[in-house]
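As C-alpha cells, the structure follows; a few thoughts come after it.
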Amino acid sequence: MTNSTRNRIKDKAFQFFGIFCMLIGLVFLGALLVDIITRGLGRIDWDFLTSLPSRRASRSGILTAWAGTLWILLLTSLIAFPLGISAGVYLEEYTKKSKLSSFLEINIANLAGVPSIIYGLLGLEVFVRQMQMGASLLAGALTLSLLVLPIVIVTTREALKAVPPSVRQGSFALGATKWQTTWRQVLPASFGGILTGVILALSRAVGEAAPLIVVGALAYVPFVPSSPNDEFTVLPIQIFNWTSRPQAEFLVNAAAAIIMLLFITFLLNGVAVYLRNKQQKKIKW
Amino acid sequence: MSKKPIKVEAKDVNAYYGDFHAIKGINIAMEENTVTAFIGPSGCGKSTFLRIFNRMNDYIDGFKTEGEILLDGQNIYAKNVQVDELRKKVGMVFQKPNPFPKSIYENVVYGLKIQGVSNKAALTEAAERALKQAALWNEVKDNLNKSALALSGGQQQRLCIARALAISPSVLLMDEPASALDPISTAKIEELIHELKEQYTIVIVTHNMQQAARVSDTTAFFYMGELVEHAKTKTMFTNPKDSRTQDYITGRFG
C-alpha cells in the first residue's frame, strides 16, 4: 500500500468517526425529544397553562411556574445586563494590559465554570439571610445574575474585540473621546454580538433549578407573584418536583412542562441566532 | 516660491516604544498650505512620526514622546492641551480606508455630531461641502443613506477624507492614503491633494517615490528613526545631498 492510499484511508476513517460522534449526540437528543413530546404534548392545553398547582395531577397547571420563570428572566435581565455589559466594556476598552487585568480576565473565565449550586449557596447567605430578602423573586434573580454575569462579561468582550481597531482610531482621529467612541461606534457595531451573548446567558438562567432551590424557591406556590418580593417557583423546579412524585400522571405533567421549558429556551436561542445573522448581513468589515 | 509662515514644527523630538528608540532627535518645520511628503524604507519611523502630530500614539502602551511639537506656535504635548481639541485642528486619513459601519451621511457628520452640532440644516450643508471638497459628492449625492461599507475602496478613502475635512481642520495628516487603492483611485486622491493644499497644510507618508514627486512641495527622507534630509521635492529628487537619500530614491535599497 502506498503512502498516499494510506493517507486517504486515514482521511476517510476520520470522516466516518466524526459522523459517528456527531450522530451519538443527535440521536440521544432526538430520542429525548421524541419521548418527551409523545408523553407530554397531549397534556398541554389552555387549562394546563392557566391552572395553579394542585395535589391532583389532572387539575395541576404551570401558571405559577411560568409566571415565576418570566419574572426571573425579566429581573435577571435588568440586573445582569447593565452590570455585565458595563464591566465587559470597561475591561475591553478602558483597562491597560497589566498583570492585574490578566488576573481578572482568567478569574472571570473561571467563574463561568463554577457549579451553579455554589452560586445558590452564596445567594442564600448574602441575599436571603444577610440582606434579609427572604426566598423572594429578587433574591433568586440576584443569584442568577451572579451566575450569568461571567457569561455576559466574556461574550461582551468577545463582541467588542470583533470591532476592528481602525474604527476606534478613526473616531479618535476626529476628536472623539473614549466614551463617545465606545457609545457611538463600538457598541452599535458590536450590538448583535452582545445581544447574542445576553440571550444565551438568559437561556442558561431559565433552565437553572439548583441555585433557586438552595435560595429557597418553593415547589408549591398557590399564587402568581405580583412583586419582586413575592415567593416564587420556576419551571425547572416544578418539573423536578413532579418527577419525584410516585404517580405516573405527574410524570406526564413533567413531560408537558419540559416541552414548555424547551419552547422558551429554543425561542431565546432562535432570537439570538436571528439577531446574529441580521447583524452579520448589515456589517461586513 | 514665496516664504510662507510655519504651520507645524518639531523640535528635538524623540520617541520610544518601550526601550526601542523609534524617533531620534528630529527637527523639521512645515509651512502653511504646503504638502510635505515623508519617505523612507519600511520601519524607518515615518508613520510613527506622522502620528505624533495628532497624538495617535498616545494609545500605544509603553509609547513615550520627548521634545516639542508646535502647532501655530503652541506645543501640542503641553500639559494643558486636550487631545480631542487638538484633533479638531489636525485631521488624519489612514492607510486602509476605515469608514464607520454607518451611512455615508453619518460618516461625514460624525465629527460635528460629537462636537454637539445637532442642527439638521447645518449638518447637511457641512456634509455636502465636505463631500464636494473630497470629490465624492457627484458619486454619492443620491445615496447618502447607503452604507459606507458598500462603497468601493477608492470611494471609501475619499469618504474618510471628507469625514476629516468636515470638521475644518487646518492640518491634514495622510498615512499612505493611496497604498490600498488602484491606479485610478490613486490619481483621484493625488489630484485631490493638489486642490486641498489651497486650504490645508498636508503631510503625507508614502512608499511611492513618484507619488511624493507628484504631490509634494517638500520631501523628508527618514532612515532608521532619523531625518536624513528635508528639502524642496525637486531638489531632493534631482540633487540629494546625502548619499543614503540618493541610494533610496534611485532604488538601491528599501
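One line per chain: the protein sequences are A and B, in this order.
With our numbering, letter number 25 in the first sequence gets 1240, and the count goes up by one each step, no holes.
With our numbering, letter number 50 in the second sequence gets 139, and the count goes up by one each step, no holes.
No residue lacks a Cβ here, since even glycine has one placed at the ideal position from N, Cα and C.
Euclidean distance between Cα positions of residue i and residue j
i                             : j                             : result
glycine 1299 of chain A       : alanine 1463 of chain A       : 43 Å
proline 1268 of chain A       : isoleucine 1224 of chain A    : 59 Å
alanine 1272 of chain A       : isoleucine 1414 of chain A    : 33 Å
valine 317 of chain B         : asparagine 122 of chain B     : 23 Å
isoleucine 1368 of chain A    : isoleucine 250 of chain B     : 36 Å
lysine 323 of chain B         : leucine 1319 of chain A       : 57 Å
lysine 92 of chain B          : alanine 118 of chain B        : 12 Å
valine 1304 of chain A        : arginine 1491 of chain A      : 19 Å
serine 1459 of chain A        : leucine 1402 of chain A       : 46 Å
histidine 319 of chain B      : lysine 178 of chain B         : 24 Å
valine 172 of chain B         : tryptophan 1398 of chain A    : 19 Å
phenylalanine 1455 of chain A : alanine 1469 of chain A       : 8 Å
aspartate 1250 of chain A     : phenylalanine 1478 of chain A : 15 Å
tryptophan 226 of chain B     : leucine 233 of chain B        : 9 Å
tryptophan 1394 of chain A    : alanine 215 of chain B        : 24 Å
leucine 1306 of chain A       : isoleucine 1321 of chain A    : 12 Å
lysine 277 of chain B         : glycine 205 of chain B        : 32 Å
alanine 167 of chain B        : serine 1418 of chain A        : 52 Å
serine 1405 of chain A        : serine 1301 of chain A        : 13 Å
alanine 1501 of chain A       : methionine 1216 of chain A    : Within the shown structure, residues of chain A are numbered from 1216 to 1500, placing residue 1501 of chain A beyond reach of any answer.
phenylalanine 326 of chain B  : lysine 209 of chain B         : 48 Å
arginine 218 of chain B       : phenylalanine 183 of chain B  : 21 Å
leucine 1362 of chain A       : threonine 1371 of chain A     : 15 Å
asparagine 297 of chain B     : valine 1329 of chain A        : 56 Å
isoleucine 273 of chain B     : histidine 283 of chain B      : 16 Å
serine 207 of chain B         : alanine 1295 of chain A       : 33 Å
valine 1486 of chain A        : serine 241 of chain B         : 33 Å
lysine 1493 of chain A        : threonine 1253 of chain A     : 35 Å
Short Cβ contact (7 Å threshold) for residue i with residue j
i                          : j                             : result
valine 1436 of chain A     : glutamate 1446 of chain A     : yes
alanine 255 of chain B     : glycine 180 of chain B        : no
leucine 1339 of chain A    : valine 1430 of chain A        : yes
isoleucine 1287 of chain A : glycine 1355 of chain A       : yes
alanine 253 of chain B     : isoleucine 193 of chain B     : no
leucine 212 of chain B     : valine 198 of chain B         : yes
threonine 308 of chain B   : glutamate 265 of chain B      : no
isoleucine 1474 of chain A : glycine 1283 of chain A       : no
glutamine 1384 of chain A  : phenylalanine 189 of chain B  : no
alanine 243 of chain B     : leucine 262 of chain B        : One detail in the question is off: residue 243 of chain B reads as glycine in this sequence, not alanine. Not closer than 7 Å, so no.
serine 1381 of chain A     : asparagine 187 of chain B     : yes
isoleucine 128 of chain B  : phenylalanine 310 of chain B  : yes
glycine 1276 of chain A    : phenylalanine 1263 of chain A : yes
serine 1331 of chain A     : proline 1426 of chain A       : yes
alanine 224 of chain B     : leucine 281 of chain B        : yes
glutamine 1453 of chain A  : alanine 1471 of chain A       : no
threonine 154 of chain B   : alanine 104 of chain B        : yes
tyrosine 312 of chain B    : arginine 333 of chain B       : yes
proline 1467 of chain A    : arginine 1270 of chain A      : The identity of residue 1467 of chain A in the sequence shown is valine, whereas the question assumes proline. No, Cβ-Cβ distance for valine 1467 of chain A and arginine 1270 of chain A is not below 7 Å.
Same chain, Cβ closer than 7 Å to residue i, five either side skipped, listed in chain order
i                          : result
glycine 1349 of chain A    : Val1343
proline 329 of chain B     : Glu318, Gln335 and Ile338
isoleucine 1323 of chain A : Pro1365, Ile1368 and Val1369
isoleucine 1333 of chain A : none
threonine 1480 of chain A  : Ser1418, Val1421 and Gly1422
threonine 1396 of chain A  : Arg1383, Ser1386 and Phe1387
Residues of its chain near residue i, where Cβ-Cβ distance is below 8 Å and the 5 sequence neighbours each way are ignored
i                          : result
glutamate 1373 of chain A  : Gly1408 and Gly1412
glutamate 279 of chain B   : Ala267, Gln300, Arg303 and Val304
proline 1440 of chain A    : Thr1279, Ala1282, Gly1283, Trp1286, Leu1352, Glu1446 and Phe1447
tyrosine 1309 of chain A   : Lys1393
asparagine 1484 of chain A : Ile1414, Leu1415 and Ser1418
isoleucine 149 of chain B  : Tyr106
Residue i Cβ short of 6 Å to the ligand SAH heavy atom set
i                        : result
glutamine 184 of chain B : This structure simply doesn't include the ligand SAH, nor any ligand for that matter.
Spatial neighbours of residue i in its chain, beta-carbon cut-off 6 Å, leaving aside the 5 residues before and after
i                             : result
threonine 1291 of chain A     : Ala1356, Leu1359, Ser1360 and Ala1420
glycine 314 of chain B        : Ala111, Ile112, Lys113 and Gly134
phenylalanine 1465 of chain A : Ala1272 and Trp1457
serine 259 of chain B         : Lys178
Any C-beta of chain E under 7 Å from that of residue i
i                         : result
glutamine 1395 of chain A : No chain E appears in this structure, whose protein chains are A and B.
- Taking contact to mean at least 3 C-beta pairs separated by less than 8 Å, is the segment 1238 to 1247 of chain A in contact with the segment 1445 to 1460 of chain A? no
- Query: Is there contact between the segment 133 to 150 of chain B and the segment 1386 to 1405 of chain A, where contact requires at least three CB pairs shorter than 8 Å?
  - Reply: yes
- Message: Please list, in chain order, the residues of the segment 1363 to 1392 of chain A that have any C-beta partner in chain B closer than 8 Å.
- Response: Pro1379, Ser1381, Val1382, Gln1384, Gly1385, Ser1386, Phe1387, Ala1388, Leu1389, Gly1390, Ala1391 and Thr1392
- Members of the segment 1300 to 1324 of chain A that neighbour chain B once the beta carbon cut-off is set at 7 Å: Lys1311 and Lys1312
- Query: Touch check for the segment 123 to 140 of chain B and the segment 285 to 298 of chain B: three-plus C-beta pairs under 8 Å?
  - Reply: yes
- Message: At a CB distance below 9 Å, what residues from the segment 1399 to 1428 of chain A approach chain B? Give them in sequence order.
- Response: Arg1399, Gln1400, Pro1403 and Ala1404
- Message: Between the segment 92 to 102 of chain B and the segment 152 to 160 of chain B, can you find at least three pairs of beta-carbon atoms closer than 8 Å?
- Response: yes
- Within 8 Å of chain A by C-beta, residues of the segment 146 to 163 of chain B in sequence order: Tyr148 and Asp150
- Residues from the segment 246 to 267 of chain B in contact with chain A, defined by Cβ distance under 8 Å: Cys249, Arg252, Ala253 and Ile256
- Item | Residues of the segment 181 to 202 of chain B with Cβ closer than 7 Å to any Cβ of chain A, in chain order | Met181, Phe183, Lys185, Asn187, Phe189, Pro190, Tyr199 and Gly200
- Item | Proximal residues, the segment 118 to 147 of chain B versus chain A, C-beta separation under 8 Å | Asn143 and Met145
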